[in-house]
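First the structure, in the form of structure tokens, and then the observations on it.
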């Protein structure tokens, strides 16, 4: 049974996402958070009034059972039996891409090849004969340049034709050579004896997997028919043994080598060299970027530039038209909320409680978070562009050796970067998802445990507010300090964890360094928008709900007689809780009002600024002239820069937000690690905040 | 002792003889998946600033491998680096 879906498979960096975006067009719905509930993106392709679901599988080099992503991709195809597989093949890197193609072809399902990046192949001096390729594989091959929309119409038409049954597209059988084929054919015949198995698997595919001793496939077959599988495994073992004695290599290696043999054969007959390949641009850039001396300097320079531009564009330069002149994007957002706040002020006299809910709880809380949308937008814009350009892989290449000292590896960098490791303004949730590219559990677990220390977008509002209050002249310097602090803590924590709780051998590090290319503006913008929109959506839903809840805790119960606002707050539930924690938290300089905000921040750190705002707004409700939270704290006698800095450190490090904890639980497979992550990071955060505060207070008179 | 990728220097070209049998299955499979198959030729492009990992050119694409893994890849040298740095 087929579900009528089209799935897109292919190597990483083959342009899979571009093809997906082009096929689904602008009118698609990306309904998923990258991976929290679903591990793949799906959208809708419209064609003459018909709708087809298109699913973007994770990019993989192979379909073995050794990595989660490959297993997800493979199981999706096996379980869902899609109507069509679109295999995106990078024409400029044909041989390795065809290795995956042969594995998909083994599954014997309708398949269309998008021969992508044909322009890059031509620039590199060779031409791929698409007709010949189609003839050899037995499936349609459509040359495309997906990033520029070339060939997409033909690809779309072919997909429709195949789905509607107007075009034959089942790949030709894959031949591994006489000796191996004979064994596979014999075992396939045995598989055919069990219709329950053939309903699910192509017989030759299952036979191949059994001979390769693929544990995941064996387990899947076992679930369907344990007895039959046991018999087949016995026969497969004999077959594998015969092959192994004949070739003197293990069966899995042999099959893999034969697949590459097939790929090499196809390349030989389909590719013609048109020009002598000159030293390509990627090589020239790498000469500089990966250089022993200059490379690390460039890395630091890129990070510094990132901070510089993000702050200038989002906040410091007034380049957007606004009432009465020009404003920065952040200024515009703040302006909108000021207008809202002013619009509801007549309510204050008539309905004080409702006004307080709207003004302090909703406008203050959500507005405080949305204020940072411009900052986060520009941060994502630059990070997406860097990811797209291919530079991030070089960062992993340069940093693998130093990271290994701490028990991490080059690919951990990807998780850190997505979580806000370059600059700030990422998110730990996709960061932890990004650890899936690591194959070994120990490196992965370790990366997951320290990734939340990175400066994610939710911490930005807290930093920005406190920096504006206490370090207005040194924004870039303080941000760089915080950036360094988060890295140093993450590295030291992983060094300690690796030697205590997460002991084990290190993962193999094998990583492609894709050719550089100009980031595609539309793709980067789309990616940036998806991430920013997620942030906005979170502000409008979870953060809003927590803010209202917190407001209620901070408003009720009301004291019976009229007292001033501070006393009213102290009388509320939140106030009592905050006061109860004060004896402990005062070691780090946090008063009870800060405690309220920090407890709220357990759910999501975006809440911290809003809750602080509410706490200090409730106190100052009688103030006629509006003052920003930063200005209020700067003027407050209890606050000083040391306390502000200790608070930033605590917010940086303490318990990951609820969503992150849930993802850690899912990705590590146990609540144990999720709980551990929460407890150890909170303890660490407190200890470091106390140290910063106490040492800072000693030094303060001399500064 | 067989020569391995570990022993090569920047600019060397070599042919892969095989992957050491003592290599754990998951590592071997990963190396094979990336195209480090018997008979494939590779060229050492450069080393990372701290000498590890190593970047090789293989089947027309660039691959970074750690030195620990490089020790598992047995090779025969085809062409020694000519020690002339051709940067322009």
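Protein chains in written order, with the numbering used here: chain X, 56 to 758; chain S, 2 to 89.
The beta-carbon is built from N, C-alpha and C at its ideal position, and this holds for glycine as well.
Treat the numbers as computed from the prediction; the structure is a model and nothing was measured.
- No Cβ of chain X is located within less than 8 Å of the beta carbon of residue 82/S.
- For residue 457/X, the residues of chain S that pass the 8 Å Cβ criterion are 51, in the order they occur in the chain.
- Looking only at 668/X, 149/X, 258/X and 608/X, the smallest Cα-Cα distance to residue 323/X is reached by 149/X.
- Just so you know, the alpha carbons of residue 594/X and residue 427/X end up roughly 11 Å apart.
- For residue 755/X, the closest of 735/X, 361/X, 221/X and 694/X by C-alpha to C-alpha distance is 694/X.
- In the DSSP assignment, residue 24/S falls outside any alpha helix (DSSP H), carrying neither H nor E.
- Exclusion of the five residues before and after residue 700/X leaves 747 and 751 as the residues of its chain whose Cβ lies within less than 7 Å of its Cβ.
- Judged by beta-carbon spacing, residue 463/X lies within the 8 Å limit of residue 549/X, meaning their Cβ atoms are closer than that value.
- Counting C-beta atoms within 10 angstroms of its own C-beta, residue 703/X has 16 or more neighbours from the protein chains shown and is therefore classed as buried.
- Nearest in C-alpha terms to residue 118/X, of all of 97/X, 160/X, 79/X and 105/X, is 160/X.
- Below the 9 Å Cβ cutoff, chain S contributes no neighbours of residue 626/X, its closest Cβ being approximately 60 Å away.
- Taking 8 Å as the cut-off, the Cβ atoms of residue 144/X and residue 171/X count as close.
- For residue 546/X and residue 190/X, the gap between their C-alpha atoms comes out near 53 Å.
- When secondary structure is reduced to three states using DSSP, residue 65/X falls in the strand class.
- Per the Cβ contact rule, the region 497 to 513 of chain X is in contact with the region 468 to 487 of chain X (3 or more Cβ pairs under 8 Å).
- For residue 324/X, the closest Cβ of chain S is not nearer than 8 Å.
- Assignment of beta-bridge partners to residue 107/X by DSSP yields 100/X.
- Here the alpha carbons of residue 339/X and residue 455/X stand approximately 22 Å from one another.
- Beta-bridge partners of residue 751/X (DSSP): none assigned.
- Residue range 233 to 247 is occupied by the alpha helix (DSSP H) that includes residue 241/X.
- In chain order, 45, 46, 47, 48 and 82 place their CB closer than 8 Å to the CB of residue 11/S, counting only its own chain and leaving out the 5 sequence neighbours on each side.
- Excluding residues up to 5 positions away in sequence, 412, 415, 416 and 669 lie with their Cβ nearer than 7 Å to the Cβ of residue 606/X in the same chain.
- Look at residue 142/X here: in three-state DSSP terms it is strand.
- Judged by their CB atoms, residue 383/X and residue 375/X are nearer to each other than the 8 Å cut-off.
- In the displayed model, residue 376/X falls within a strand according to three-state DSSP.
- Take residue 644/X, set aside five residues on each side of it, and the residues of its chain with a beta-carbon closer than 6 Å to its own are 698, 701 and 748, in chain order.
- Counted as a single uninterrupted DSSP element, the alpha helix (DSSP H) harbouring residue 457/X occupies residues 446 to 460.
- Against residue 126/X, chain S offers no close residue; the least beta-carbon distance is about 13 Å (beta-carbon pairs closer than 9 Å).
- Taking 8 Å as the upper bound on Cβ-Cβ separation, chain X lies near residues 26, 27, 28, 29, 30, 31, 32, 33, 34, 35, 36, 38, 39 and 41 of the region 22 to 44 of chain S.
- Between residue 708/X and residue 667/X, the C-beta spacing is not below 8 Å.
- Residue nearest to residue 232/X within the set 662/X, 301/X, 281/X and 618/X is 301/X (criterion: CA-CA distance).
- Not a single CB atom of chain X sits nearer than 8 Å to the CB of residue 74/S.
- Any Cβ of chain S closer than 8 Å to the Cβ of residue 340/X would place that residue at the interface, and such an atom is absent.
- Interface annotation, residue 112/X: not in contact with chain S, CB-CB separation never under 8 Å.
- Around the beta-carbon of residue 757/X, fewer than 16 other beta-carbon atoms lie within 10 Å, marking it exposed.
- Approximately 5 Å separates the beta-carbon atoms of residue 365/X and residue 434/X; this is inside 8 Å, confirming the contact.
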